[in-house]
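Peer 1:
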Amino acid sequence: MSEPARNFIRARIDADLAEGRVSGVVTRFPPEPNGYLHIGHAKSICLNFGIARDYAGRCHLRFDDTNPIKEDTEYVESILEDVRWLGFDWGPHLYYASDYFEQLWTWAEALVLAGKAFVCDLSAEEVRRTRGTLTQPGTPSPYRDRSPSENLDLFRRMRAGEFPDGSRTLRAKIDMAASNLNLRDPVLYRVLRATHHRTGDAWCVYPTYDWAHGQSDAIEGITHSICTLEFEDHRPLYDWFLEQIGPAARPRQIEFARLNLTYTVMSKRMLLQLVREGHVSGWDDPRLPTVAGLRRRGYTPASLRAFADRIGVAKADSTVDIGLLESCIRDDLNPSVARAMCVHRPVRLVLVDWPEDRVEWIEAPWFPDEPGRMGSRRVPFGKVAWIEQDDFMEDPPRKYYRLAPGREVRLRWGCIVKCVDVVRDAVSGAVTEVHCTHDPTTFGALPADGRRVRGILHWVSAAHAVPATLRLYDRLFSVPNPASPPEGRTFLDLLDPGSLEVLQVWVEPSLAGCDPGTRWQFERRGYYVADSRDCRPGHLVFNRIVPLRDSWAKELARTA
RNA sequence: UGGGGCGUAGACAAGCGGUAAGUCACCGGUCUUUGGAACCGGCAUCGCAGGUUCGAAUCCUGCCGCCCCAGCCA
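Counting with the numbering used here, you get residues 7 to 566 for the letters of the first sequence.
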């Protein structure tokens, strides 16, 4: 693994270490279990766990579970699985903010006693109205000056369940005129009767993110609390709370820009909507940027880690070209995955000068660039083969060096063949068969006369071909930034209806018993994975992970 | 028109006063029984305008542009 790129966060940690502000590094990844992890989370996971690894520190996995109405154990489980799958280990450091509810409560009572927090009877609506605006200060709550003892009494009765949901909150007493709205007497606790996935019905008051997060960091001895940019405005509050409770060591919050990717959406709200409304097959739909989706698609953990390294970490809002992700998975798979042949859109190729029943079994290495590696398989070569429709053209454009009337190509691992005739459908006129002669001297050999044959076609013997289903996945959306649709439209209008194409295809017989989860390169086409759920012997299903770079397509696009 | 951030090539991103890393994309070329892979080469004066300095992407000043904040979400 190469050196992780330098970034401003590591620079800050270096400085903290050099100045003796900290003696070790402890980070944390703090997801809220209210949805599945996506590649943006993967960036954060790689950042936090990567720093812990490189600084010989540790990284905690902590669930930020302070809002029971949105959270669920299904999400907790998927998150655990995803982080593990990405290749990271939290060791014994698995925590839940809900584990700290009692401690948080105790600190809150201390705040009340110190006159730094009060119970407010304003409704949510009234709080909003009195908060002021961006340019005007808010007005203090009429309950702001209650005595500490009255506040403590009320606060305890909130917990005891004496008040209805939403009727009262505990608020910090900071500054209603602060230019940073987060400091205008923020809410610490709300009354909420909801069954929590871990604490059940033990509580009817729940701490807010602001009150829970920094304190949880402090409890765990986190040194560097790395979060995304939108929390930058919360840092003064984060620090204010810590100052009140005065822990031995103060964690430091550092913010970085979240990941945006072209041709997809990353917001939990939009992902949830895609899943709930059935626009995709589930959280693990291979077109989704969720970790589960990428896994099902066939992406490897290593490719995602490489991606995280390549995109870097900074504070500028940015959108990464999804082509970079695709190049990461190609890079990982190219040297590690065996080659095989699969014909996607078949047309018959008949060798007119080949005996009807003759079959040659050809030795073909799994790794053509490294023939010794992992050995080879034997592929049958007979009179009739399937080839790709687009590997034959009656009237080819310039630079097309595949099959055409009178032209020669090599059948991969086989011999050179020459097109001598075509058979058409009587009605449509479409070519249904390509007739060729073959040059028997070119099996495993260059033409003796030195003639140059550039085109090489993949193929599958028709008599031995095994049927399979291919799912050709493409980008989910048809535009680079679906999250900001044009006036009057929603991101759903921008879904690409062609993002999934299902094909019935022919694969070479050596793939017949292929195990779910195994990856292949189908030569000249792309990388594929035998679907983890639907692929089984006798019923082969492959997902396209990513197509190969296609310079011919590029050439066509250029001349078009 | 309050506060907090950010602006380096088409896309990411190093750089921290000494004369613009790297990656993807793109463009050439070599090689090739995958039009794959590999390899070689090309591709920026740093939002704008002033100033300080022998010297500035890096320091100062003023503009311009973009993002975030008015949940009892995180």
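A virtual CB, placed ideally from N, CA and C, is assigned to each residue, including glycine.
(1) ASN157 to THR139, Cα distance in whole Å?
(2) From TYR102 to ARG135, what does the alpha carbon distance come to, in whole angstroms?
(3) In the DSSP assignment, find the unbroken beta strand (DSSP E) run with ASN549 in it and report its ends.
(4) Spatial neighbours of TYR106 within its chain, please: CB distance less than 8 angstroms, with the 5 preceding and 5 following residues excluded, ordered by chain position.
(5) Rounded to whole angstroms, what is the Cα-Cα separation between ARG539 and LEU546?
(6) Please report the straight-line C-alpha distance between ARG555 and ALA563, rounded to a whole angstrom.
(7) Identify, in the order they occur along the chain, each residue of the same chain with its Cβ nearer than 6 angstroms to the Cβ of THR306, setting aside the five sequence neighbours on each side.
(8) Leaving out five residues on either side along the sequence, give the residues of the same chain with a beta carbon under 7 angstroms from the beta carbon of ALA200.
(9) Looking only at its chain, what residues have a beta carbon closer than 6 angstroms to the beta carbon of PRO170, apart from the 5 residues adjacent to it on each side?
(10) Excluding the 5 residues preceding and the 5 following SER484 in the sequence, name in chain order all residues of the same chain whose CB lies nearer than 7 angstroms to its CB.
(11) Name the DSSP beta bridge partners of SER287, please?
(12) Look up ARG34 in the DSSP assignment and give the residues it is bridged to.
(13) Would you check if the distance between the CB atom of LEU417 and the CB atom of ALA48 is smaller than 7 angstroms?
(14) From which residue to which residue does the alpha helix (DSSP H) around LYS274 run?
(15) Let's test the definition: count the other Cβ atoms within 10 Å of the Cβ of GLY299 and tell me whether it reaches 16, buried, or not, exposed.
(16) So ASP159 is in the alpha helix (DSSP H); what residue range does that whole segment cover?
(17) Does DSSP classify PRO295 as helix, strand or coil?
(18) Using alpha carbons as the reference points, say which of PRO515, ARG27, TRP526, VAL353 lies closest to LEU463.
(19) With distances taken from CA atoms, which of CYS425, LEU86, ARG379 is nearest HIS66?
(20) Do GLY461 and TYR407 have their CB atoms nearer than 7 angstroms?
(21) Helix, strand or coil: which one does DSSP assign to ALA468?
(22) Determine the DSSP secondary structure at GLY329, reduced to helix, strand or coil.
(23) By Cβ distance, which residues of its chain are closer than 6 angstroms to ILE228, with the 5 residues on each side in sequence left out?
(24) Here's the rule: buried if 16 or more other CB atoms are within 10 angstroms of the residue's CB, otherwise exposed. What is LEU6?
(25) Would you mind listing the beta strand (DSSP E) stretches within the stretch 65–97 that are 3+ residues and don't spill past its ends, in chain order?
(26) Nearest-angstrom Cα distance between TYR534 and ILE180?
(27) Can you tell me where the alpha helix (DSSP H) holding CYS52 begins and where it ends?
(28) Which whole-angstrom value describes the C-beta separation of LEU517 and ALA346, a residue pair presumed to lie in contact below a C-beta threshold of 8 angstroms?
Peer 2: Walking through what the data contain:
(1) Position 151 of the first sequence, counted from the start, is the residue given in the question as residue 157. Position 133 of the first sequence, counted from the start, is the residue given in the question as residue 139. Spanning the two alpha carbons is a distance of roughly 27 angstroms.
(2) Within the first sequence, residue 102 is the residue found at index 96, counting from 1. Within the first sequence, residue 135 is the residue found at index 129, counting from 1. In a straight line, the C-alpha of TYR102 is about 34 angstroms away from that of ARG135.
(3) For this step, residue 549 is matched to residue 543 along the first sequence. Per DSSP, ASN549 belongs to the beta strand (DSSP E) from 546–553.
(4) Here residue 106 refers to the residue found at position 100 when the first sequence is read from its first residue. Cβ within range, chain order: ALA218, GLN221, SER222, ILE225.
(5) Counting from 1 along the first sequence, the entry for residue 539 is found at position 533. Counting from 1 along the first sequence, the entry for residue 546 is found at position 540. Approximately 11 angstroms between the Cα atoms of the pair.
(6) Position 549 of the first sequence holds residue 555. Position 557 of the first sequence holds residue 563. Between ARG555 and ALA563, the C-alpha separation is close to 14 angstroms.
(7) The residue you call residue 306 lines up with position 300 of the first sequence. Counting only Cβ-Cβ distances below 6 angstroms, and skipping sequence neighbours, we find ASP338.
(8) To locate residue 200, count along the first sequence from 1; it is residue 194. Hits under 7 angstroms: PRO74, ILE75.
(9) Here residue 170 corresponds to residue number 164 of the first sequence, with the count starting at 1. Cβ within range, chain order: n/a, list empty.
(10) For this step, residue 484 is matched to residue 478 along the first sequence. Result list for SER484: LEU500, ASP502, in chain order.
(11) Stepping through the first sequence from its first residue, residue 287 is reached at position 281. SER287 pairs with nothing; no bridge assigned.
(12) Against the first sequence, residue 34 aligns to sequence position 28. Answer is HIS66.
(13) Position 411 of the first sequence, counted from the start, is the residue given in the question as residue 417. Position 42 of the first sequence, counted from the start, is the residue given in the question as residue 48. Not a contact, by the Cβ cut-off of 7 angstroms.
(14) Sequence index remark: in the first sequence, residue 274 carries index 268 (1-based). Element bounds for LYS274: 274–282.
(15) As a working note, residue 299 is residue 293 in the first sequence. When all chains shown are included, GLY299 counts as buried.
(16) Here residue 159 corresponds to residue number 153 of the first sequence, with the count starting at 1. ASP159 -> alpha helix (DSSP H) spans 154–165.
(17) Position 289 of the first sequence, counting from 1, holds the residue named residue 295. DSSP places PRO295 in coil when its eight states are reduced to three.
(18) By 1-based counting over the first sequence, the position of residue 463 is 457. If we check each option's Cα against that of LEU463, VAL353 comes out closest.
(19) Sequence index remark: in the first sequence, residue 66 carries index 60 (1-based). It is LEU86.
(20) The residue given as residue 461 occupies position 455 in the first sequence. The residue given as residue 407 occupies position 401 in the first sequence. Taking 7 angstroms as the Cβ cut-off, GLY461 and TYR407 qualify as a contacting pair.
(21) In the first sequence, counting from the first residue as 1, residue 468 sits at position 462. DSSP places ALA468 in coil when its eight states are reduced to three.
(22) Here residue 329 is taken as the residue at index 323 of the first sequence, counted from 1. The answer is helix: DSSP assigns GLY329 an H, G or I state.
(23) Your numbering for residue 228 matches position 222 in the first sequence. Closer than 6 angstroms at the Cβ level, and outside the excluded window around ILE228, lie VAL32, ARG34, PRO257.
(24) With the chain running from 7 to 566 in the structure shown, residue 6 is simply not present.
(25) none
(26) Locating residue 534 in the first sequence gives position 528, counting from the first residue. Locating residue 180 in the first sequence gives position 174, counting from the first residue. Those two C-alpha atoms are separated by around 57 angstroms.
(27) In the first sequence, counting from the first residue as 1, residue 52 sits at position 46. Run containing CYS52: 45–60, per the alpha helix (DSSP H) assignment.
(28) Locating residue 517 in the first sequence gives position 511, where the first residue counts as 1. Locating residue 346 in the first sequence gives position 340, where the first residue counts as 1. 6 angstroms between Cβ atoms; contact.
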